[in-house]
Structure formats: structure tokens, C-alpha cells
Amino acid sequence: MEKISESTRKKDHAAKISGRALYVDDHVPDGMLCGKLLHSTRAKARIAAVRLPSLPAGYLVVDRNDVPGINRVHIVQDDTPVFAEATVEYAGEPILMVVGPVGTEVERILRAIVVVYEEQEPVLDMRQADEVFFNYNYAQGDIDKALAEADLVLTETFQTGYQEQAYLETQGIIADPRDGRMTVRGSMQCPYYVHGAVAKALGCGAQAVRVVQDVTGGGFGGKEAFPSILACQVAVAARKANKPVKVIYGRREDMAFTSKRHPSLCTYKVAIKHGEITGMDIEVLYNSGAYTTLSPVVLQRGLICASGVYRIDNLRVAGRAVRTNTVPAGAYRGFGAPQTFFAAEMMMAHVARELGVDSLALKEKYMVRQGDATSTGGRYHFPVPLPAMIARLDELTGYRAKHRRYQAQTGRCRKGIGLSLFFHGCGFTGSGERDYIKAVVQLRKNTDDTVEVLASNTDIGQGLKTTFCKIVADTLGIGFDRVYIDNPDTDRVPDSGPTVASRSLMIVGGLLQRAAGKLKAGWRAGEEQVIEEHYVQPDFVIPFDLEKFTGDAYPTYSWSVNVIELEVDRLTGTHKIIGAWGIYDVGVPIDLNILHGQMQGGLLQGMGYASMEQMEYNAKGLIRNNSYSDYIVPTAMDVPPLVTEFINNPYPYGPYGAKGAGELPVVGVAPAYIAALENALGVKINKIPFTPEDTMRVLQEVEHNDSIHS
Amino acid sequence: MIQFILNGQEVSSTAKANVRLLDVLRQEFALTGVKCGCREGECGACSVILDGRLVNSCMVALGHVAGSTVMTIEGYRATARFAALDKAYAAVSAVQCGFCIPGMLLASECILARNPRPAEAEIRAGIAGNLCRCTGYHAIVEAIGIAAREGKGLW
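Each protein sequence line maps, in turn, to chains P and Y. Take the first sequence: its letter number 375 is residue 375 in full-length UniProt numbering, and every next letter is one higher. Take the second sequence: its letter number 90 is residue 90 in full-length UniProt numbering, and every next letter is one higher.
What follows is the structure, encoded as C-alpha cells:
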């Protein structure tokens, strides 16, 4: 084990375990007002009138007329209104905010407001959508020829549902207009995203806005773009009231009205000739919801992963993210990849079944190797350790023998084991790091020779405060306690980019390592010094062309193999998980405990995604599973011990050899889980989540068919 | 006026009897270690120990605690048992975003108070009412096991 991988006591451990850490709702500024949003109850309507009750002294209503700048939230394409204008486009769209000193009175006023809607027909089903927000296509080889010459073409459609981030701390923002500036604080992943959005909504210069991250109770992507929306609303309210305003979402409000993972439909057409896969023609459809938010990048990432970890010479991938009148979907750990990896892995398993060969043997035959072209004509520049990872997992789980044995079972309870192979690209998609983010970090050495890390990346539970400080302390050769980092404050830290895309440690951590190297070389004891570093793209990267969809989508990839073993009760349809294993290549782990925690948490989220986390909208377009009572996330009793291991595969351009890690563990769990179910049930499955109810349906069909044929 | 013992001190509240204990603890007594995650008794972030039992303070009316003993993380953190759990949680880095952790610590205490040497299944059952979306629970279960082994005599 590398020395840097040895675990240390986390920087934020003491504050959090003692209950002293302050999250946004724990702050109560003097004179603070409480704000609550009025959400549309219609999925698509023109707002004919809004009738307000008379307001008691000290209470006010804030709407689009109060937005001093542009009534659009700056995200990628600025189409999300701060407050609704003439129409509402989804059930939940914020129309106005009521603000006042007492929360219960604010709620009473909200209930007394009457909105007169002229309802229109909403588009809820993504298959019926007539507006395509984003459309990307790419191809290699000649897929039409491969299809024409095939002696077998297999076509299947795979469906994935919403997934709710379900971070334990709901969304919350405080805006404070005092001292001639707007200070915004709250639960967030990307302070500079919030900063840019608030300045635009307020129509003021960047200098007039300050954003501070509070201790954040989980994000998983849910706090990437959404806090920008809420911050604009709260800042407009604070400006109008000329007092600090706090808005904390309730759990049901959070689940129903904030972004979640894009539901998808992926259709795979596989050409087979002489038992060989000769091509894949893939159509990917994502439901964006009513506004674009982060959909272009989510779709791009999904498309890049569409052919899985396989070498497919004739490949055509067409992707669309479409507009519906449902809640806008957004970032969620894995960012578009879990949807297409589910489809790609299941398709390979189903092709194997059709050809009468073992699914792992088929996958092994087409697995990419170092030097191979990527799906977009880039290059896998570095070693691809999948064979060693498969061997290790087989040793740990007995996968190959069990998978064969479980195909011939009888009795009420039947076991199944499934395996998946996957990667996650490290860093921002395409040329994002080079052209858009252009990360900057600083190190400040104080006169007492302690060193402060200045970066805009946030610790949202993934341990970044600890890993950043470890990198700097180790490079400088000083004690871990001599290096510190505070929550980012845009007045104090440069823009090192957002905390997304498995980029923080590899990209920003790499910059910090270089800055620390420079500081060490020019160290002047007892003096104050500031060192700054800027991102430079490594020379080997083949530039990504978004128009043509070609080039290196990422400089490198993190790799993983998962195995899930479970038992299905054919009487009740319930699944009992017997074991879950993951082996990961994230380069060199910067702190093993932290990495195990990331992988185990992601593994469990993936198991929830596959099996129990069902979320639907009703006939009115409103999310109906909007609480922990009916959107079920796994508890400690739902899983056995999770087994996670790492493989040594240093990335020469990452800090200490580290690569991206945070998103990887959730990407490929669902196909392993569903493959295990298929192994136990002997049927093909094309959708997630696959719940006990779905299982019962399948079992009843099987029994029904049995009785017809007997 | 409702009187009860809060973290070892006799206190009284003038709030209405039907107000949630969670709101009284956070707003009146500024005990912000008690977190609000759902307000419907599902997530366990607002767990407190009421007369020795783990409860969701969002589901307890203030009137119900008259004459009772309530402990939050703010009271618990002064104890030797907390120190043992603190050390165990740190050893395996079981704290991630931290929002569930005050409640999780009090759940850990209740498990160990009931059985100082719990089996893994008992630990899992004991924290089943406390959701954690970060860790996959593995490290938390491990930490409670470590505290049980190394905190001999404390429970």
C-alpha cells in the first residue's frame, strides 16, 4: 500500500460527530425572515390570475416582477425562470414566494392564495414529446452494412426510472442583503455556479455577490444545479424585504420538486454474423422534464457509455433529451452513465443467451484493452485492468461456478448471481476542463508556517477536506495538522470549478499537488506566501469535438467489476441480498477508509436504484412517491456487509496516481443486480427498478405459461 | 409550562403541548445537533433518547415529555461512552456528510445499552430507523462493533 493511502482521522470528523457542525438551517441571522414557495399544482397551464389575501404587516409576496436582473437562472442554457411568468410548465414550478417573520403564518398565507389556471394538455410521456432539447449522434464503421449482412439482428428496449438523490439534508439557502452586498449561504456543491446565477438574477456586478457553502448534508448531484435556482429566488426575496431570508425545503417538497436522475428508454439493435457481434445501432432517449438544466451534458455522458466496455467496430449512437411537462431532471451520481450501462450490460447478457454462450465469456471476448479506440474515436491510453478484476472477483465470490449451478434450481427460494463490467470517465466531459472550467487553486502559507488550501470545491461528505489536506501536507513534508481548509467562500477562494464529474480529486487535487511542490521549492519560513496554479490539459489528450462527437471524452477512466448474489422467494416475490462485491480501479487511493466509504455508499445507492427506489408521476404529472414513507431507500437491514477492494493501477497524471472515484460505484450496480435476478428466475428483464411487485408479475406469467403448456 | 430534564438539567418550556419536540429543541433550546430530515418519523436524523428509548423527536409532542428525561447529542457528547464511539467512528471514517450522525450516535448508544456485545444483526436492526445515504452502513456497523469491543465496561 502507498503511504498516502493509509487512513487518517478526517478533518471534519470532530465537528460532525459532536453535532457542532452547522448546516444551513442551523444558522439564524438577526432579523431573519422565513420564506416558502408557492408551487404550481398544474403540469401545464397559463396563469390567468393570482389572488392574494390581505397581508399582515411584515409579510410580503415576491414574484417575477421583483427580479431586478434577468428572470432566468444561469445553468447551461438559461431557460429556467426564477419565478414563473405567464405559464407553468410542470407541477411544482415556483410561482411566488411568501416571506415573513413567522413560518406558520407564512404557510397560512400560502394556503389562502388562489391561482386561476387555464389548463393545457401536458406532455407527460417522453415517447409523446414533440420538442427535442438536445440531439447528438455519432457513428464509426458502417452499421447499415453490418445490419444488412447480419444473419441475426436482436432488438430490445431497456427502461430506467427516476432516482431521487435523497440526501439526508434537504435543500436550503439563506440570502442576506446587508452591508450593501448579497451574501448567499447554504447547502451546495458548486459555490461559483450559485455566484454566477445570483449576479445575473439580481442584475448586479460579480463584486456585489458573495457565496459561502455551509456544511452540506449530502449532494450526489442533487445540489449541483438546484441550489442556483433556489439561491436566485431567495436573493430576490431578501433584496425586496431588505432583510435576511431563509428557505428550507420540506422533505416532500424536496422529493417532488427538485431534480432527479433522468428516466430513460434505450433501444439496442445488435447485428450478429457467424456468432460474432458485428455492430450495434443504439437509440437513447432521456426525459429532461420541463427545462434543460444539465441535460445536454447528462445526455453526452450517457451516449459516450452506450456501447459499454466493449469494442464494437460498427457503431451508431443517436441520443435525444426531450421536453415533457414533468419536473426537470438533472445531475445524479453517474450523470447519464447508469442508464446506458444498464442497457449495454443487459443487452450483452441477452445476446449471449440468444447465442447459447456464457454471458461473461461473451463480454470477455469484446472487452476493450489499452490502446483500443473509444466509442468516440478517442483512445484508452492507459492499462485496462478488467481481466485481473474479473479474476479477483471470481476468486472472492465463486461467480463462474455459481452462475452455472444456479441455472438448474428447483424449490421455493432460488439463488442468482450477476456480474457487471463498467467504467466512469474521469473529469469533466469532452473539452470541458480545458475550454470552460479552467480551474485555478491557491495555497496560502501564513507567517506561522501553517498552510491554507484555497479552492472552490466542497466537501459534501466525500472527504475532500481530508484528501486535499493530505495531498498538500504530504507534498510539503509537513504535518497534516499544519494544513487546513475552510468551507469555500467566493470572496476568498479562486474558482477551481464545480464539485462534480469525478473531477475534484484528480483535477483539483493534481493542481494542489503542483502548487505544494512549488511552495516547497520556494519555502520561506515565517513569511506569508501565496502560490497559484492553473489547469493545463495533458499533451496526450485527443481534443474532443462536440459537433462531430469525436476525440477523447476523458483523459482516462476508472474501472470496476461488481457481483451481486441474491435469493428470490417465488411465493412472495421478495429478493434477499446474500452478497455484494465491488472491485475498483481508481488509481492510487488517497485514504483507503474514505475510498471504501465512497464505494460502499455508491454500491448501496445502485442496489436501491435496481430494486426498490421507484418514483412515478401521477396522471396530473405530479411526483407521487414524495416521501421516505413511499420512496424507499435501503436501510442497514436491507443489505449484508458490502465487500469493496481496490486494484493497483496508478494514473501517471493524477495526484499520487489517483483518478476519479465518486461516481464510479453507482454506475454498474443495477446490471449486476438484474443479471442475478435473471439467473434466479430464468427470464429476461428489461427495466429498473425491478421490485418485488415486478417479480410477482414475472412469476405469475411463468406459472401461467407452465399451466397452459402442461 | 412543561417541565422536563434535558441533558441532565431541569428545564421548562412555554411552548404549546402539541408542538413537536424537534422544533422546541432546535428553536427554543438551540440544540442544532438535532437534525430535521423528514418531519414524519422515517429518517431518524432527529433521534433523541427519551427515558432511555430512542425516539424520533419530530413525532413526539412536547406535552408527552413532561416529567421525562431527554438526551440529545449535546448532552451525550460529554460522556465516556460518547468518547468510545467517537474513537471507533473515527477509526473507520464512518462519518461522511454527517447529517445522520448525531441520530446515529444516539442509536448506537441505545444498541449498546441494551446489549454491550451485540451481534451484527442486532446492530443492523438497531440502526434500521436511521437512514444514511452516504456510507452504505458498512462502516457504521463496524464502528459500533469496535466500540463494543474496545469500550469494555462502559456499557
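In this text, a Cβ means the ideal position worked out from N, Cα and C, and glycines have one as well.
Beta-carbon neighbours of residue i, restricted to chain Y and to distances below 9 Å
i	result
valine 639 of chain P	Arg124, Gly136, Tyr137 and His138
isoleucine 4 of chain P	In chain order: nothing, as chain Y lies at least about 15 Å away.
Residue i - DSSP class collapsed to helix/strand/coil
i	result
tyrosine 651 of chain P	coil
serine 710 of chain P	Per-residue confidence for serine 710 of chain P stands at a pLDDT of 44, beneath the threshold of 50, marking its modelled position as unreliable; the derived number appears in the next sentence. Residue state, collapsed to three classes: coil.
glutamate 354 of chain P	helix
cysteine 426 of chain P	coil
proline 227 of chain P	helix
serine 12 of chain Y	strand
aspartate 694 of chain P	helix
glycine 196 of chain P	helix
histidine 575 of chain P	strand
lysine 246 of chain P	strand
cysteine 413 of chain P	strand
glycine 136 of chain Y	coil
aspartate 26 of chain P	helix
serine 18 of chain P	coil
threonine 644 of chain P	strand
Alpha-carbon spacing of residue i relative to residue j, whole angstroms
i	j	result
glycine 308 of chain P	glutamate 276 of chain P	17 Å
glutamine 339 of chain P	arginine 133 of chain Y	20 Å
isoleucine 70 of chain P	valine 98 of chain P	20 Å
phenylalanine 226 of chain P	alanine 329 of chain P	10 Å
threonine 14 of chain Y	tyrosine 59 of chain P	25 Å
serine 259 of chain P	glutamate 527 of chain P	47 Å
arginine 51 of chain P	isoleucine 140 of chain Y	51 Å
leucine 299 of chain P	alanine 321 of chain P	7 Å
glutamine 120 of chain P	leucine 315 of chain P	41 Å
leucine 202 of chain P	cysteine 97 of chain Y	31 Å
glycine 221 of chain P	alanine 66 of chain Y	43 Å
alanine 128 of chain Y	serine 558 of chain P	32 Å
isoleucine 578 of chain P	proline 692 of chain P	16 Å
arginine 149 of chain Y	leucine 362 of chain P	47 Å
arginine 405 of chain P	threonine 695 of chain P	21 Å
glutamine 537 of chain P	methionine 280 of chain P	32 Å
proline 650 of chain P	histidine 64 of chain Y	58 Å
valine 561 of chain P	glycine 377 of chain P	24 Å
valine 115 of chain P	proline 68 of chain P	24 Å
isoleucine 109 of chain P	glycine 33 of chain Y	31 Å
glycine 427 of chain P	serine 295 of chain P	17 Å
phenylalanine 4 of chain Y	glutamate 10 of chain Y	6 Å
leucine 25 of chain Y	leucine 50 of chain Y	13 Å
glutamate 142 of chain Y	valine 92 of chain Y	8 Å
valine 236 of chain P	aspartate 66 of chain P	7 Å
methionine 599 of chain P	valine 55 of chain Y	30 Å
glutamate 364 of chain P	threonine 278 of chain P	16 Å
Cβ separation of residue i and residue j, assumed to be a contact under 8 Å, to the nearest whole Å
i	j	result
alanine 61 of chain Y	arginine 20 of chain Y	7 Å
isoleucine 17 of chain P	aspartate 86 of chain Y	6 Å
valine 588 of chain P	isoleucine 95 of chain P	With 8 Å as the limit, valine 588 of chain P and isoleucine 95 of chain P do not qualify as a contact, their Cβ atoms being about 50 Å apart.
serine 611 of chain P	proline 689 of chain P	6 Å
proline 53 of chain P	alanine 112 of chain P	4 Å
leucine 443 of chain P	alanine 515 of chain P	5 Å
lysine 44 of chain P	threonine 466 of chain P	Not confirmed; about 47 Å, so no contact.
phenylalanine 341 of chain P	cysteine 305 of chain P	6 Å
aspartate 585 of chain P	isoleucine 647 of chain P	5 Å
phenylalanine 133 of chain P	arginine 323 of chain P	5 Å
Neighbouring residues, chain P, relative to residue i (Cβ below 8 Å)
i	result
cysteine 46 of chain Y	Per Cβ cutoff of 8 Å: no residues; cysteine 46 of chain Y is ~11 Å from chain P at best.
isoleucine 73 of chain Y	Ser18 and Gly19
alanine 119 of chain Y	Under the 8 Å cutoff, chain P gives no residues; its nearest Cβ is about 13 Å from alanine 119 of chain Y.
isoleucine 58 of chain Y	Note that residue 58 of chain Y is cysteine in the sequence shown here, rather than isoleucine. The contacting residues do not exist; cysteine 58 of chain Y stays about 10 Å from chain P at best.
Cross-chain neighbours of residue i in chain P, by beta carbon under 9 Å
i	result
alanine 88 of chain Y	Chain P residues near alanine 88 of chain Y: none, gap ~10 Å exceeds 9 Å.
glycine 37 of chain Y	Leu168, Glu169, Thr170, Gly217, Arg251 and Tyr628
Where residue i meets chain Y, residues with beta-carbon distance less than 7 Å
i	result
aspartate 26 of chain P	Thr32
Per-residue contacts from residue i into chain Y (C-beta, under 8 Å)
i	result
aspartate 12 of chain P	Val95 and Gly98
Closer than 7 Å at the beta carbon, the chain P residues around residue i
i	result
isoleucine 101 of chain Y	Lys16 and Ile17
glutamate 28 of chain Y	Chain P residues near glutamate 28 of chain Y: none, gap ~12 Å exceeds 7 Å.
glutamate 109 of chain Y	Residues of chain P passing the Cβ test: none, with the nearest at roughly 13 Å.
Problem set entry | Any beta strand (DSSP E) of 3 or more consecutive residues that is wholly inside the stretch 25 to 110 of chain Y | Entirely contained in the stretch 25 to 110 of chain Y, the beta strand (DSSP E) runs reaching 3 residues are, in chain order, 47 to 50, 53 to 56 and 69 to 71.
Problem set entry | Within the stretch 457 to 531 of chain P, ranges of the beta strand (DSSP E) (whole runs, at least 3 residues) | Scanning the stretch 457 to 531 of chain P from its first residue to its last, no whole beta strand (DSSP E) run of 3-plus residues comes out.
For this session: Report the residue ranges of all alpha helix (DSSP H) runs contained in full by the stretch 118 to 177 of chain P; include only those spanning at least 4 residues, in chain order.
Result: Along the length of the stretch 118 to 177 of chain P, whole alpha helix (DSSP H) runs at least 4 residues long occupy 143 to 149, reported in chain order.
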